[in-house]
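Peer 1: Take a look at this one; I'll ask things after.
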Amino acid sequence: MTTKPLPLTPELHAYLVAHGSAPDEIVHELTEETRAALPEQAGMQVAPEQAAFLTFLTRLLDVRQAVEVGTFTGLSALAIARGLADGGRLTCFDISEEYTGIARRYWARAGVQDRIDLRIGPAADRLRELPQERHLDLAFIDADKVGYPVYWDELVPRMRAGGVIAVDNTLRGGRVLAPENADDRAIAAFNDEILADVRVDVVMLPIADGVSLAHVR
């Protein structure tokens, strides 16, 4: 046993991905189309191991009600939708018809479009359309970084006891140690805020660009 961090070389990362659930044809083609059609924005797409993790987590929690803030071209939503319990629903919030137009095509191909309710518009406003009671089993936040505290404040009161909020990009490529821009500073501050939030227990996982999991008390 060691407490030293394991350097994740490109070769070891490839091994890690290869020894998880393999992306199927739909995931592969969605990933490739996103890279080809949106090369400058493709970095917003979740990593393959994140997609597999989200499906695994959704199944593990037996999720029936889920929310995603920041959908882009739909890979994370596809992953969550595939893991939902029978009759489960995922509500997605995004501001782009262009990006989510790609998402809709792949959701249809995967046969999960009937499980997803996509709502276009500023999530800070549209999240307030959700019922006020504690009904959500899972939430995934992966949108504009400065907006994270707002989304957090809207979601936590709506999470059932034992529900989980997953938050992406909480390591910012390591720049949380020495923030270089507004997004880095926003995430560094957000990480401190949720750690101090007495309503949740938080762990941070070194998956891709960092994924924080908050278990709601």
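So in the working numbering, the last spot in the sequence shown is 219, and the numbers never skip.
Ideal placement from N, C-alpha and C gives every residue a C-beta, glycine not left out.
Fair warning: this is a prediction, and the values are worked out from it, not measured in the lab.
(1) Pick out the complete beta strand (DSSP E) segments inside the stretch 27-77, 3 residues or longer, and give them in chain order.
(2) Hey, would you say V71 sits closer than 8 Å to A53, going by beta carbons?
(3) Looking at L173: is its Cβ nearer than 8 Å to the Cβ of D199?
(4) Under three-state DSSP, which class holds D119?
(5) Between the stretch 65-79 and the stretch 139-149, do three or more beta carbon pairs fall short of 8 Å?
(6) Taking 8 Å as the threshold (C-beta atoms), are L80 and A112 in contact?
(7) Let me make sure I understand the geometry here. Which of A216, L207, H217, L215 has the alpha-carbon closest to that of L8?
(8) Report the three-state DSSP secondary structure of D155 (helix, strand or coil).
(9) Run through DSSP, which three-state label would R91 get?
(10) Figure out for me which residue from L32, N193, D26, T11 has the closest Cα to the Cα of R107.
(11) Does at least one heavy atom of the ligand FAD sit under 7 Å from the Cβ of H15?
(12) Check H21 in the structure and name its three-state DSSP category.
(13) For my contact list, L86 and E51 are in at a C-beta cut-off of 8 Å; report their separation, rounded to the angstrom.
(14) Spell out a yes or no on whether the stretch 163-170 and the stretch 142-151 are touching, meaning 3 or more CB-CB pairs, one atom from each, closer than 8 Å.
Peer 2: On the basis of the data shown:
(1) For the stretch 27-77, whole beta strand (DSSP E) runs of length 3 or above, ordered along the chain, are 67-71.
(2) Taking the sequence shown and counting its residues from 1, the one referred to as residue 71 is at position 69. Taking the sequence shown and counting its residues from 1, the one referred to as residue 53 is at position 51. Annotated as distal: V71 and A53, with beta-carbon spacing of 8 Å or more.
(3) Taking the sequence shown and counting its residues from 1, one reaches residue 173 at position 171. Taking the sequence shown and counting its residues from 1, one reaches residue 199 at position 197. No, they are not a contact pair.
(4) For the purposes of this step, residue 119 is taken as residue 117 along the sequence shown, with counting starting at 1. Of the three classes helix, strand and coil, the one that applies to D119 here is strand, per DSSP.
(5) At 8 Å Cβ cutoff, the stretches touch.
(6) In the sequence shown, residue 112 corresponds to position 110, counting from 1. In the sequence shown, residue 80 corresponds to position 78, counting from 1. Contact: yes.
(7) Residue 8 sits at position 6 when you count from the first residue of the sequence shown. Ranking the options by Cα distance to L8, first place goes to L207.
(8) Residue numbering aside, residue 155 sits at position 153 when the sequence shown is read from its first letter. The answer is helix: DSSP assigns D155 an H, G or I state.
(9) As a position in the sequence shown, residue 91 is number 89, starting the count at 1. Looking at R91 - three-state DSSP - the assignment turns out to be strand.
(10) Within the sequence shown, residue 107 is the residue found at index 105, counting from 1. Selected option, being the one with the closest Cα: L32.
(11) With respect to the ligand FAD, the structure offers nothing, as it holds no ligand at all.
(12) Start at 1 with the first residue of the sequence shown, and residue 21 comes out as number 19. Assigned with DSSP and collapsed to three states, H21 falls in coil, not helix or strand.
(13) Position 84 of the sequence shown, counted from the start, is the residue given in the question as residue 86. Position 49 of the sequence shown, counted from the start, is the residue given in the question as residue 51. Actually they do not touch by this definition, with Cβ atoms about 20 Å apart.
(14) Yes, the stretch 163-170 is in contact with the stretch 142-151.
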